[in-house]
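Okay, so here's the structure we're looking at.
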Amino acid sequence: GAGVSQSPSNKVTEKGKDVELRCDPISGHTALYWYRQSLGQGLEFLIYFQGNSAPDKSGLPSDRFSAERTGGSVSTLTIQRTQQEDSAVYLCASSLGLLTQETQYFGPGTRLLVL
Amino acid sequence: QKEVEQNSGPLSVPEGAIASLNCTYSDRGSQSFFWYRQYSGKSPELIMFIYSNGDKEDGRFTAQLNKASQYVSLLIRDSQPSDSATYLCAVLPTGNQFYFGTGTSLTVIP
């Protein structure tokens, strides 16, 4: 596609429910990143993928968070047993590759509200 | 100490003036530096990137990098009201994880 797409654009859920967020990167981009941005805050790095592999999961806030990527393309970020502090905008970005001087292109984000 | 630090502002400049945004980073081995602009309620969009010491100009924007002092700045010449946004500095240190600052809010007053 022309850019990074994310779905849903907005998600309202109840505390304790599981949510799944989807990211579709730019075609041909091998690297994919997930970030979280709380209101008025900077970007908090969560996880990145090189292909289908996520070498570093230390940025995930807790074991309720998990992410996967299949086919080197679409990625899903799953939050289990959501908490109110999980409310934020979840941004996905992709780039051509890692360890290069590649720039990231961001998707429109998923706005998650946990009631 | 945060990896990337920015003055949160807000920074206000009159239309037509030069806006100067600054960013410092902690990892001396950092290789790549990026400036993103983020309008309220929107996703970040890339403005400029710089890898080498010195200045890099692109239209009204100039990025300046000083690796010895570990700072990178963004100058916006002839500021326009449409430049009003939050500007995020991002750094790619020796690993693969990008670090973002919390952003500087810029308001250009007509």
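Chains A and B, in that order, are what the protein sequence lines are. Once you know that position 32 of the first sequence is 32 in the numbering used here, the rest is easy, because the numbers rise by one and skip nothing. Once you know that position 20 of the second sequence is 135 in the numbering used here, the rest is easy, because the numbers rise by one and skip nothing. The beta-carbon is built from N, C-alpha and C at its ideal position, and this holds for glycine as well. Computed from a predicted structure; not experimentally measured.
- Relative to the Cα of VAL4 (chain A), the nearest Cα in the group A:CYS92, A:ARG111, A:LEU96 and A:LEU112 belongs to A:CYS92.
- Fewer than three pairs of CB atoms, one per stretch, sit closer than 8 Å, so the segment 21-32 of chain A makes no contact with the segment 125-134 of chain B.
- Remark: C-beta atoms of ALA88 (chain A) and ARG22 (chain A) do not approach each other more closely than 7 Å.
- The residues PHE164, TYR166 and LEU207, in chain order, have a CB closer than 7 Å to that of SER147 (chain B) in the same chain once the five nearest residues on each side in sequence are set aside.
- Rounded to whole angstroms, the gap between the alpha carbons of LEU189 (chain B) and PRO8 (chain A) is 34 Å.
- Listed along chain A are LEU91, PHE106, GLY107, PRO108 and GLY109, each with a C-beta nearer than 8 Å to that of SER158 (chain B).
- DSSP, reduced to helix, strand and coil, places ASP173 (chain B) within a strand of the structure shown.
- Nearest neighbour of LEU161 (chain B) by Cα position, chosen from B:THR217, B:PHE149 and B:GLY169, turns out to be B:PHE149.
- Scanning chain A for C-beta atoms nearer than 9 Å to the C-beta of LEU203 (chain B) yields GLY42 and LEU43, reported in chain order.
- Straight-line measurement puts the Cα of SER127 (chain B) at about 21 Å from the Cα of GLY174 (chain B).
- At least one beta carbon of chain B lies nearer than 7 Å to the beta carbon of THR103 (chain A).
- The C-beta of LEU136 (chain B) has 16 or more other C-beta atoms within 10 Å across all chains shown, which makes the residue buried.
- Here PRO225 (chain B) is exposed, its C-beta having fewer than 16 other C-beta atoms within 10 Å.
- For the segment 54-78 of chain A, residues whose beta-carbon sits nearer than 8 Å to a beta-carbon of chain B comprise PRO55, ASP56 and GLY59.
- Non-local beta-carbon contacts of SER123 (chain B) in its own chain, meaning distances under 8 Å to residues more than five positions away in sequence, involve THR217, GLY218, THR219 and SER220 in chain order.
- Around THR217 (chain B), the beta-carbon contacts reaching into chain A at under 7 Å are GLN41 and GLY42.
- In the displayed model, GLN195 (chain B) falls within coil according to three-state DSSP, outside both helix and strand.
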